[in-house]
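Written out below as C-alpha cells is the structure these notes cover.
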Amino acid sequence: MKRVSQNLFKSLALFYHSIRFRLTLWFVLILAFVLAAFSAFIYFAQARDLQIDEVGQMQEKFARVTAFFRNPDWQNLTLSATNAPGSNAPLQSGDLMILTDMNGQTIQSWGVSPSNPNALIGELVSAASQRHDLNIYEQNISYTNNGKQAAGDYLFIITPVLGGDHLLGFLIIGSPSNLNNQLRRLMLSLFFGSLGMLVIAFLGGLWLADRAMRPVKAITQTARTISESDLSRRIHLSGRDELAQLAGTFDDMLGRLQSAFDRQRRFVADASHELRTPLTIINLEVGRVLSNRHSASEYQKALQTVDAEGAHMSRLVNDLMTLARMDSGQTVLQMEDDVDLSDVAVEAVERLSPLAEHQNVKLEVGGMPELRVRGDRQSLIQMISNLVENGIKYSGANQTVKIETQTRHNGKKDLAFLRISDTGPGISPDHLPKLFDRFYRVDAARTRDADEDSDSPAGNTPAPSAGSGLGLSIVASIVQMHGGEIHVDSKVNEGTTFEVTLPLQSETR
Ligand code: ADP
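Residue numbering for the sequence shown follows my numbering, starting at 13 and increasing by one per position.
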C-alpha cells in the first residue's frame with residue numbers, strides 16, 4: 013500500500029514537473045484571464061443596456077400616467093390593467109402607484125400594495141426631496157398582489173407633485189424589475205460557460221501537448237537504449253517540424269558517433285594485431301636459440317632479428333602515438349610564420365638521401381622556388397619524409413623519386429604546391445580511395461618482406477621503416493591540420509605521384 017502511494021506520488025510529481033503540464037497550465041491561465049476580462053466586459057455592457065432599457069420603460073410609463081391624469085375624463089378611464097394583454101392602461105399588472113401628501117402620507121394607492129408602505133415611502137421621499145425632478149430607484153420589497161404575499165425587485169420612479177411653486181406631495185410609480193435576475197443569470201452563464209471552456213481547454217491542451225511531446229518520449233527512450241556497445245539505434249522520426257529536425261540531428265550525431273567508435277575499435281584491433289606479429293617473431297626466435305646450443309653467428313642472427321622487430325615495434329608505437337595525439341587534439345603544432353616549404357623539402361631529401369643511396373634509388377630535386385607557408389616545421393618535415401620514404405621504399409633499385417615545389421593558382425588564390433613522384437610499381441586504382449586509411453596496405457606481405465630484405469639497422473645506413481599502413485594517415489592529418497589538401501595519382505608499372513597544396517602565407521595574412 014505504501015509502495016503504491018509512493019509510486020502514485022512519484023508519477024504525480026513527474027506529471028507536475030512535465031513540460032506538457034506546465035505548458036497546459038500556462039495556456040489555461042492565459043485563457044482564464046482572457047475569459048474573465050471578456051466576461052466582465054459582457055456583464056457590464058449588458059447590465060448598462062438592461063438598465064437603460066428598464067429606465068426607458070419606466071419613463072414611458074410615467075409619461076403615460078401623467079398623460080392619463082391630464083385627460084379631463086380620467087375618472088371614467090382604467091388606470092390599472094388586469095392581466096389583459098395589449099391593454100393600453102398606463103399601469104400593468106404587478107405595477108403600483110402611490111400618491112402621497114407633502115409629508116409622505118398616502119393619499120391614494122393603485123396596483124399591488126407593499127407590505128410596509130410607510131417605510132418604503134419614507135425612504136423614497138427622503139431620497140427624492142434632495143432632487144426635485146424625476147428620480148429612479150431600485151429596491152427589493154415584499155408586497156401583496158391579489159391577496160398573495162410576494163417579494164421582488166422593483167424599480168421606482170418618484171416625482172414631486174407641485175401646485176404652482178408649492179410642493180403638494182409625491183407620485184410614486186413602481187414596476188417589477190427583472191434586472192438583477194437577468195444579471196444573476198448572465199453571471200452564472202458566463203461563470204459556468206467559462207469554467208466549462210477552461211476544463212475543455214485543459215483537457216484538450218493536455219492531449220495536444222501529449223501528442224506534441226510524443227517524439228520527445230521517443231527520443232528519450234532511444235537515448236536510454238543507446239550504449240557504447242550498441243550505437244546502431246536511430247529515432248527515425250518522420251515529419252518536418254522542429255522535433256523531427258532535432259531527431260534527425262540526433263540520428264546524424266549517432267551515425268557520426270557510431271562510425272567514430274567503429275573507427276576507434278578497428279584502430280585498437282589493428283594496432284594490437286600489428287604489435288602481435290613482431291612479438292610473435294621475437295618469442296619464436298628467442299625460444300629457438302634458447303632451446304639448443306648454437307654457434308656465435310646464429311646467436312648474432314637471432315639478436316639481429318630481435319633488434320629489427322624491436323625497432324619495427326617502436327616505430328609502430330611512435331606512429332600510433334602520433335595519430336592518437338592528433339585524434340585527441342593533444343598535438344599542438346608549433347606554428348611559425350614564413351616557413352619556406354622548399355627549404356623543408358630540401359631538408360627532408362637530405363635526411364633521406366643515405367637511404368636512397370642504399371636502396372639504389374635516384375633522388376631528383378626539381379624547381380624549388382621560395383614558398384612561404386605558415387606551419388609547424390617538424391610536422392612538415394615528417395609529412396614530406398613519409399612521402400619520399402614511401403617513394404624510395406616501394407620503387408626499388410634503379411628507379412627515380414622526384415620532388416619539386418611551385419606556386420599554383422586554383423582560380424581563387426595562390427597555393428604552395430608540392431609534388432613527389434616516383435617511377436615505381438604504381439598502385440592499382442581500386443586501392444587508391446583507401447590509401448590514406450589507417451593500417452591500409454596495398455600488399456601487406458610485400459611491404460613486410462621489403463622491410464625484412466633491407467639491410468641490418470645495425471649498420472650506418474638507415475633502413476626504411478617497416479610498413480604498418482600508418483604513414484599516409486599521418487601525412488593526411490598533417491596536411492589537414494595545415495589547411496591543405498593531398499591527392500594521389502598512380503598508374504601500375506609507371507609510378508605514383510602525390511600532390512600536396514598548402515595555403516600560401518601571403519594569402520592567409
Ligand atoms: P606503410 O607504412 O605501409 O608504408 P603508408 O600509409 O605509408 O604505410 O602507405 C600505405 C600503402 O600505400 C603502402 O603499404 C603501400 O602499399 C602503398 N604506397 C604508399 N606509397 C607508395 C608508393 N610511392 N608507391 C607504391 N605504393 C605506395
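For every residue, glycine included, the Cβ atom is placed at its ideal position computed from N, Cα and C.
Can you tell which of 159, 509, 497 and 35 has its C-alpha closest to the C-alpha of residue 214?
35
In terms of alpha-carbon separation, which member of 448, 188, 231 and 87 lies closest to residue 263?
231
Roughly how many angstroms lie between the CA atoms of residue 454 and residue 416, to the nearest whole one?
Taking the straight line from one Cα to the other gives about 25 angstroms.
Could you check where the beta strand (DSSP E) with residue 412 kicks off and where it finishes?
412 to 421
Return the CA-CA distance between residue 269 and residue 446, expressed in angstroms with no decimal places.
21 angstroms
How would you label residue 494, buried or exposed, when you count the other beta carbons within 10 angstroms and need 16 or more for buried?
buried
Opposite residue 151 in the DSSP bridges: which residues?
166
Look up residue 515 in the DSSP assignment and say whether it is helix, strand or coil.
If DSSP states are grouped into helix, strand and coil, residue 515 belongs with the strands.
At what residues does the beta strand (DSSP E) containing residue 120 begin and finish?
118 to 123
Taking the alpha-carbon positions, what's the residue 168 to residue 183 distance?
10 angstroms
Residue 424 in three-state terms, based on DSSP
coil
Sequence-distant residues of its chain with Cβ nearer than 7 angstroms to residue 438 (five each side left out):
502, 503, 504, 505, 506, 507 and 508
Would you please verify whether the beta carbon of residue 394 is less than 8 angstroms from any beta carbon of chain B?
Of the chains in the structure shown, none is chain B; there is only one protein chain.
So, helix, strand or coil for residue 382, using DSSP?
coil
List the DSSP bridge partners of residue 374.
Answer is 412.
Are the CB atoms of residue 432 and residue 413 within a distance shorter than 8 angstroms?
yes
Residue closest to residue 33, alpha-carbon to alpha-carbon, out of 289, 222 and 84
222
Using the three-state DSSP reduction, which class does residue 344 fall into: helix, strand or coil?
coil
At least three beta-carbon pairs within less than 8 angstroms, the segment 105 to 113 to the segment 80 to 87:
no
For a test of your reading of the model: does the CB of residue 447 fall under 7 angstroms from any non-hydrogen atom of the ligand ADP? Yes or no.
yes
For residue 361, verify whether its CB is less than 7 angstroms away from any heavy atom of the ligand ADP.
no
Name the DSSP beta bridge partners of residue 239, please?
When DSSP reads this structure, residue 239 sits in a beta bridge with 242.
What residues in its chain sit with their C-beta under 8 angstroms from that of residue 120, if we drop five residues either side in the sequence?
110 and 111
May I ask whether a heavy atom of the ligand ADP can be found less than 7 angstroms away from the beta carbon of residue 290?
It does not: the Cβ of residue 290 is nowhere closer than 7 angstroms to a heavy atom of the ligand ADP.
Mind checking residue 406: buried by the 16 CB within 10 Å criterion, or exposed?
buried
Alpha carbon to alpha carbon, how far is residue 74 from residue 153?
20 angstroms
Nearer than 7 angstroms: is that true of the beta carbon of residue 236 relative to any heavy atom of the ligand ADP?
no
Residue burial classification, residue 331 (beta-carbon count within 10 angstroms, cutoff 16)
buried
Taking the straight line between their C-alpha atoms, what separation do you get for residue 410 and residue 376?
In a straight line, the C-alpha of residue 410 is about 12 angstroms away from that of residue 376.
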